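Counting with mature numbering (1 follows the signal peptide of the UniProt record, and there is no 0), you get residues -18 to -1, 1 to 927 for the letters of the sequence shown. Even for Gly, the Cβ is constructed at its ideal location relative to N, Cα and C. In this text, all values refer to a predicted model and were calculated from it rather than measured experimentally. Structure first, then comments.
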Amino acid sequence: MLWRVYILTLCVLTTSTSQPDEVAPHIIKTRSIDLSNAHSLAMETRLEKSVLPTGYNLSLEPRIEDAVYEGYVAINLTWASETDEITLHVSPEVEIMNTTVKIWLEDSMEFRELRIKDIDPDTKKSTILFQVERMLPTDTKGVIEMTFKGKMETTTSEGFFKSTYKTEQDRERTVVATQLRPNNARRVFPCFDEPEFKAPFDVSVVRPWNMVALSNMETDRIENITGEPDAVRVFFKRSPPMSTFTLGLVIADIDKLCNFTNFDDGSSNITIQFWGREGYMEVLNEALFKINYIMNVITRYDWPALPISKLDIVALPNYQGVKPADNWGLIVFKESDLNNEGYIQLAQEVMHQWLGGLVTPAWWSDAHINKALVGYLAVEAAFMINGGCEMDGKWPMTVLYSLYYEYSKRYPHSRITGMKQETMSTKIELLFRMFNYTLGENVFRSGVRKFLNERAYKTFDSDFLWHCLNAEYAISTREHQIDVKTIAQSWIEKDRLPLLTVKRFYNNRTAIVKQKLYLRERPHDVPDAEQMLWWIPLIVSRGDENYYFPNLLTWMRGPQDEIEHAPNDDIFLVVNPEEIAPCPVNYDQHNWYLISNSLQHDKRELLAPLSRAKVLHDAWNLAFAGELSFATALNMTLFLKREKHHIVWDPVFTMIDHIARHVWDIRDKFNAYIISLLRPMYEELEKKKEAEELKNSQKNLRAHLKTFLCQAGYEPCIQEAQEQYRKWMNAPNPDEGNPVSDRYFCPVFRWGTQEEWEFGLQRVINFPHSRKQSERTYLLKTLAGCLRDKTKIMRLLNITLLEGNGNFTEMDLFLINNMFANSPQAYTTLLQFISDHWDVIRERYNTKSNLWSHLISTATSHFTTESGLELVRSLHTAHKGEFGPAEHIVEKSIKNIKEESQWSAQNLPVMEKWLDDYLRVAVCGSKIVQSDDNCPPAPAEVLKN
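In structure tokens form, the structure reads like this:
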């Protein structure tokens, strides 16, 4: 399929229908209607399939000023089995006024009305059952007609909603629109509100003559209304068969962008038009050009033509939806969604016209498959358009690393169960990426094309998508040894990810690869872990070949497999390069050494940036998991002194943050190491900044480097921050405003003087009510979160917990405790403070159960060493039975710290020795002296630890 693209510029014209303010933006006023408040929808119950909808005739008449509406719907029906019942969806807030059921008589070629014996609404299920006078046989044709009325939503952008916005001339304009996904159609009109029930829609709506009305299809005709000079009725053309959630409507005071795009593929002709408020046209014009790129990418997939002739894209002022309303032929965005520079979100919503509109999940259990496929294809489109600039080249790392952390917990999703489906969708998106690589790009695209062609105008389940990919793969290869569905299910059915362990046998040039459950969080006691197996593609890069073009060796389906013809013992190999499958990989000690040694030379750039980032990220996460020595993991960081690519640096900052929380006793050595590691790259980027040669990716990297150098005590950073901070301290009225950038607060509060910190505390205490309270919140957050000095921590605890200073609210105490949780010095001091002042603090706070539990949790939950365990045990022993609702928190903390202290006892000495060897430190009091000038490089034995 080849699209011909036309961008038509008719800027002389404007289709704005905004008229002078004296024309009332509503139709006929109506008296107040007492409708029930909106009910939250109950658990979904599937409708019986004995009666099926075959078409809708829907008419809506909104009374905009009063935020109410009346409507009429006629639903054509076909009886799929014998029954005397018709059940459909309608929410309690929609009042059905009249209902008529008719059946079509073939003999006389006319409709006959049936008596309705019983009406049974179920408010919990949002359904209504109509029982007619007699049983009707299979293949009966009929129609159910209803008149109804309801209220528009005015506080949310769901269902049928109304909102207003102000023009640049400060004039109020009105917007009425729908957002029916996933099951909000029943809140607007009676219908079969499930994705499987697809049917054509004939829609008409009454609108004020001075407003625009848009729906899924183009306007068919406009009729005047007798007795209503300020209103017209708009009839839209009949839609293709579609699910109720893809129905869309907009009635608004908005303008049409004078430019539009026309796509002609020879069989269909689609006009893409943007709409928005008058002052937003420049942004819409930029979005129009993005659409051209996106549509040209989609044409490369050779998808079936859409059965629509127009696509309206609306930037709706004051739209509050969590996501755009991706109706078929009508997409509604909030303005900020179209204001970003990227392509991904716009591509996703356009692709939903095919994957969601043309082909629809049969039930919401398969919605995450649809979302994942659209998500992957949209990312692919962004890479095809401009190399994925908006992701800074970091995809899939940005989503993959979060999966690694979540799925390596003992109890994934234990705190935020609502995130489970989102995480699952992300994992499946990465599976599509894996299939695109392993099956081949052409096979993957032809599989998606087959899927769309065979399920057009219908619904699907995930099995059919896997079937299409499998069928195309079978055609492409003579050795069809895999089943795509089996592979996919091995990943989807488990809320876990695997770990590959590679042990090389250098004498015979082979390697054994084993798989097991990946667990980072201790203890590793997940039930049935040994029985968990995944289908994993074994893909290998080697140091004696072109690293960028690794080949698929085989699919690993059992607990163990073998790699033959491995390289010599002086050549590394990397399994699963570029995160092709979402799983970390461990190696034997010598192969880790070979990788580290290779990366410290110029040839490291032959290994793709994503692969360099992967081995670094894998190493330190495996060390945290107890699968790898921290000496080896730290060796893997040595090449960073010469690393230039921002993608490789991305996981470094998370690594620093995680390790820093566990090395408080050796923090000065660790900070010196961090400064030594980060400074070369930072200083190089500083020179480029001065020469104004920084790219966007380098700007972000420089900002991260500076932040972490400041945290580690990098002297130039501290001096710069203190110089800027003094401007505020010297201001005649410091409470009137802050002349200093927020980024200077943390270095000053962490490394500055007591006087500087006290000045910040007084600004919090004396913060004027007339200023933005968010500024105070940020100041308090950094004041409490950037602490390493016990004196400052004690000062803050005294003024907030003991003195009860009235300038600090209960929410402030929660915030302070949250920040203390990230600082070993802070939560250690808090525990000692609570112990020293137990009676006073317990009497004051134990009746506030949430705050009391939060205090105890912060004070006891974060220790990782034996000394910390003894502190918590001592507090628990001294006051056992006095903790009230927090008793179980302390007991759980003790149990967890036992696990962490074992880890610390095993790893901290290893880390300290490595740091000593690396830094060649000379200890002067408590200060570590280290510089590149007088410290020799790390000895060779460090690399071989």
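| Query | Result |
| --- | --- |
| Same chain, Cβ closer than 7 angstroms to I10, five either side skipped, listed in chain order | Low confidence applies to I10: its pLDDT is 36, below 50, so where it sits in the model is not reliable, and the reading given next is rough at best. Cβ neighbours of I10 beyond the five flanking positions: R45, E210. |
| S444 in three-state terms, based on DSSP | helix |
| Under 9 angstroms between C-beta atoms of A344 and T228 | no |
| Member of I126, K107, H599, S108 whose CA lies at the smallest distance from the CA of L34 | I126 |
| Cross-strand partners of Q113 (DSSP beta bridge) | E67, D100 |
| Supposed contact pair N241 and L270 - C-beta distance, whole angstroms, cut 8 angstroms | 6 angstroms |
| Residues near N300 in its chain [Cβ-Cβ closer than 6 angstroms; skip 5 each side] | S145, Y147 |
| Beta-carbon proximity check, L534 vs I521, cutoff 9 angstroms | yes |
| Where the beta strand (DSSP E) containing N206 begins and where it ends | 201 to 207 |
| Simplified DSSP state of Q255, which is helix, strand or coil | strand |
| Status (buried if at least 16 other CB within 10 Å, exposed otherwise) for I562 | buried |
| Close beta carbons around V872, own chain, < 8 angstroms, minus the five adjacent residues each side | I838, T842, V854, L857, H858, F865 |
| Own chain residues within Cβ distance below 6 angstroms of V170, not counting five before or after | G141, F142 |
| contact_flag[the region 191 to 199, the region 211 to 226] where n(CB pairs < 8 angstroms) is 3 or more | yes |
| Inter-residue spacing [alpha-carbon to alpha-carbon] between K272 and G369 | 14 angstroms |
| Three-way DSSP call (helix, strand, coil) for T420 in this model | helix |
| Cα-Cα separation between I252 and E260, rounded to whole angstroms | 24 angstroms |
| Cβ shell of K670 (< 6 angstroms), same chain only, five flanking positions each side left out | L676 |
| Under the three-state DSSP convention, the category R28 falls into | coil |
| Secondary structure of F865, DSSP reduced to three states | coil |
| Three-state secondary structure (DSSP) of Y707 | helix |
| Beta-carbon proximity of T759 to R725, cut-off 9 angstroms | no |
| Rounded Cβ spacing between P729 and A694 (contact assumed at less than 8 angstroms) | P729 to A694, Cβ: 10 angstroms. No contact. |
| Backbone secondary structure at Q335 - three-state DSSP | coil |
| Terminal residues of the alpha helix (DSSP H) in which A766 lies | 755 to 767 |
| Euclidean distance between Cα positions of P714 and L765 | 22 angstroms |
| E718 versus Q755: straight-line alpha-carbon distance, rounded | 13 angstroms |
| DSSP-derived helix/strand/coil call for T619 | coil |
| Reduced DSSP category for A803 - H, G, I as helix; E, B as strand; rest coil | coil |
| C-beta contact flag for G525 and F487 at 9 angstroms | no |
| Cα-Cα separation, R539 to A56 | 54 angstroms |
| Buried versus exposed, by CB contacts within 10 Å (16 or more), Q335 | buried |
| Integer-rounded CB distance, given that T840 should sit under 8 angstroms from F802 | 5 angstroms |
| Limits of the beta strand (DSSP E) - the one that residue 950 falls within | Nothing in the structure corresponds to residue 950, since the chain is present only between -18 and 927. |
| Proximity of K498 and P519 at Cβ, strictly below 9 angstroms | no |
| Unbroken beta strand (DSSP E) run spanning G37, endpoints | 33 to 45 |
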